[in-house]
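For reference, the structure is listed below as structure tokens.
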Amino acid sequence: MIEFLYTKNISTLLASLKTKEEKPKRKVRTAFNGLSPKEWTIHSRSVWTARDVSSMRHEYHKIHGATFPMALAERAIEMYTGKNDLVFDPFLGVGSTILAAKKLSRNGLGIELYKQFSDISKDLLKQQSLDNKNSHKVINGNCRNLYKYLEPDSVQLTFTSPPYANFIQRSIKDRQTVHKTSRLVTHNKSVVKQYGEDPDDFGNLDYPEFLENVSDLMEKIFNVTKPGGYNIWVVKDHRDTKHGKPFIPVHSDIAISGEKAGFLSHDLIVWDQNEQRSLVLLGFPTVFYTNINHSYLVILRKPPLKKK
């Protein structure tokens with residue numbers, strides 16, 4: 000009797016082990032961007048704060064005057080590209096986008112109108128001692144000529160922040176007059192300066208002409224973007240009360256330009272900058288205005304190819 004029970008238990012155990020071995024392993028799904036499910040979820044917040052995307056500011060950032068943190072570009076690149084994909088920035092500035100692309104083993108191409116800034120980008124790329132085989136190219140030229148440097152359907156992600164029409168010149172005048180002693184200047188310590196006087200500079204155009212040029216550029220970016228690829232513009236809304244425009248929804252206008260070019264409005268992320276900016280008194284005591292202490296990431300996507 001004991002022998003029978005022992006034999007039966009051994010048989011049951013062996014059958015159980017065999018069943019476990021024969022069970023097919025679950026397929027581990029790989030995300031197009033390489034993120035794990037946990038990383039994917041963490042990156043899905045629609046509001047980013049300084050804790051998420053802060054980077055150290057250097058002297059070359061002050062030379063340019065209007066840069067975004069490299070961590071901002073890194074986060075977007077992690078979300079919308081995979082390794083070896085091509086990242087493009089038509090308004091490269093001092094290179095935050097292409098430096099982030101190199102750090103994350105992506106290919107990168109940036110176009111910068113002003114030689115002073117493109118030279119800084121090239122120098123920083125050389126200093127970034129990372130051993131990868133990706134291509135990183137900085138072009139000193141006009142982004143309107145991007146077809147010279149990019150093939151159709153080659154870019155996975157465009158990530159950029161454009162010059163805000165001639166808003167910069169107006170901001171400079173305001174800081175020299177209206178806000179001369181305000182916290183905007185004394186505490187925020189942000190640097191605002193005109194990039195240059197080149198007529199091809201989007202920052203030297205009035206707003207209607209700026210939007211016309213943005214629309215033309217959007218069409219070109221659409222043509223060089225892969226089906227299913229992304230186009231992200233970091234922009235901030237604006238006020239021009241002196242000219243009867245209390246609020247200019249720049250982010251909406253950028254999205255509309257993208258849609259006209261063929262992109263789909265895919266998402267909108269708020270970049271909360273309250274921790275970096277002090278509040279200033281606006282419109283007191285007659286008209287109440289809020290401080291615009293946030294920017295938007297306007298996320299556009301080229302429609303993917305339809306599955307047959």
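For the sequence shown, numbering that gives the first Met the number 0 gives the first residue as 0, with consecutive numbering after it. In this text, a Cβ means the ideal position worked out from N, Cα and C, and glycines have one as well.
Check whether leucine 296 and alanine 30 have beta carbons under 9 angstroms apart: no
Closest by C-alpha distance to glycine 81, when choosing among Asp252, Val234, Arg300, Gly228: Glycine 81 has its Cα closest to that of Gly228, out of Asp252, Val234, Arg300, Gly228.
Whether leucine 156 touches asparagine 230 by CB criterion (9 angstroms): Yes, the Cβ-Cβ distance between leucine 156 and asparagine 230 is below 9 angstroms.
Boundaries of the beta strand (DSSP E) in which leucine 156 is found, first to last residue: 154–159
Spatial neighbours of phenylalanine 67 in its chain, beta-carbon cut-off 7 angstroms, leaving aside the 5 residues before and after: Ser95, Ser160, Val233
CB of leucine 312 within 9 angstroms of CB of proline 302, strictly: Any answer about residue 312 is impossible in this case: the structure gives the chain only from 0 up to 307.
Simplified DSSP state of lysine 147, which is helix, strand or coil: Of the three classes helix, strand and coil, the one that applies to lysine 147 here is helix, per DSSP.
Residues that DSSP places opposite lysine 121 in a beta bridge: According to DSSP, lysine 121 bridges with nothing at all.
Burial state of isoleucine 253, where buried means 16 or more other Cβ atoms lie within 10 Å: buried
Proximal residues to serine 134 (C-beta, below 7 angstroms), its chain only, five neighbours per side dropped: Asn106
Identified DSSP bridge partners for tryptophan 47: Secondary-structure assignment with DSSP links tryptophan 47 through a beta bridge to Trp270.
Burial state of phenylalanine 246, where buried means 16 or more other Cβ atoms lie within 10 Å: exposed
Within 9 angstroms, strictly: CB atoms of phenylalanine 309 and tyrosine 163: The chain is shown only over 0 to 307; residue 309 falls outside these bounds and no answer can be derived.
Endpoints, the beta strand (DSSP E) within which lysine 235 is located: Run containing lysine 235: none; DSSP gives neither H nor E here.
Segment limits, alpha helix (DSSP H) that includes aspartate 252: Per DSSP, aspartate 252 belongs to the alpha helix (DSSP H) from 249–260.
Whether phenylalanine 87 touches leucine 124 by CB criterion (9 angstroms): no
Supposed contact pair leucine 108 and leucine 85 - C-beta distance, whole angstroms, cut 8 angstroms: 7 angstroms
Unbroken beta strand (DSSP E) run spanning serine 294, endpoints: In the DSSP assignment, serine 294 falls within the beta strand (DSSP E) that extends over 293–300.
Given valine 249 as reference, the closest of Gln275, Val213, Pro151 once Cα atoms are compared: Val213
Per-residue burial, glutamate 258 [other beta carbons within 10 Å of its own, 16 or more giving buried]: exposed
Beta-carbon proximity check, isoleucine 291 vs histidine 237, cutoff 9 angstroms: yes
Where the beta strand (DSSP E) through phenylalanine 87 begins and ends: 85–88
Asparagine 203 beta carbon less than 9 angstroms from that of asparagine 165: yes
Beta-carbon gap between isoleucine 110 and tyrosine 148 smaller than 9 angstroms: yes
Beta-carbon proximity list for proline 89, same chain, < 6 angstroms, skipping 5 on both sides: Ile110, Cys142, Thr159
Buried versus exposed call for leucine 91 [16 or more other C-beta atoms within 10 Å across all chains shown]: buried
Where glycine 308 falls: helix, strand or coil (DSSP): Since the first residue shown for the chain is 0 and the last is 307, residue 308 is missing from the structure and cannot be characterised.
Sub-9 angstroms separation of lysine 225 and valine 137 beta-carbons: no
Beta carbon of valine 269 nearer than 9 angstroms to that of valine 52: no
DSSP three-state assignment for phenylalanine 246, whether helix, strand or coil: strand
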